[in-house]
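Student: Take a look at this one; I'll ask things after.
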Amino acid sequence: MHFKMSHTEIHVLDLDASLAFYEKALGLTPVREEGPEDGSWKLVFLGNEASPCQLELTWNKGRVEPYNQGGHDIHLAFEVADMGAAHDLHASMGCIVKENPSMGIYFIEDPDGFYIEIVPVR
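Take the sequence shown: its position 115, counting from 1, is numbered 122 in the working numbering, and each next residue is one higher.
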């Protein structure tokens, strides 16, 4: 039996801000959306041509209290071929929160405080 990772999910407070962030920072765009007609919640699956795995953003109307998403020990990781260009982009966005030059990695933070690790292609 073989399992293939399909998607991972995080909750967001401001869907528009999150969509803009993930597109600019990581090149992820909406692949599909789901939700009821009353607009009480929405799921937006993001992806790109580089990977079949998708990121599911879950938004709940009226939610103002930040979500507990496991702290900074739980994070996503994205690999990129040009670390210099990626670092320049993220520095210009002001979203770099932690760097580890000895490992050649750094972390960015999304609008909800969720950490994303940026690693070189190995």
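For each residue, glycine too, the CB sits at the ideal point set by N, CA and C. A quick note: this is a predicted structure, and the numbers were derived from the prediction, not measured.
1. Is there contact here, the stretch 62 to 76 with the stretch 113 to 124, by at least three beta-carbon pairs under 8 Å?
2. Roughly how far, in whole angstroms, is the beta-carbon of residue 68 from the beta-carbon of residue 46, given that I think they are within contact range, below 8 Å?
3. Based on the DSSP output, what are the partners of residue 50 in its beta bridges?
4. Could you name the residues of the same chain whose beta carbon sits closer than 6 Å to that of residue 52, not counting the 5 residues immediately before and after it, in chain order?
5. DSSP puts residue 107 in a beta bridge; with which residues?
Tutor: With the structure as the only source:
1. yes
2. Looking up residue 68 in the sequence shown gives position 61. Looking up residue 46 in the sequence shown gives position 39. Indeed they touch by this definition, with Cβ atoms about 6 Å apart.
3. Counting from one through the sequence shown, the residue named residue 50 turns up at place 43. In DSSP, residue 50 forms a bridge with 41, 65.
4. Position 45 of the sequence shown, counted from the first residue, corresponds to residue 52. Closer than 6 Å at the Cβ level, and outside the excluded window around residue 52, lie 38, 39, 61, 63.
5. As a first step, residue 107 is located in the sequence shown; it is residue number 100 there, counting from the start. Answer is 112, bridged to residue 107.
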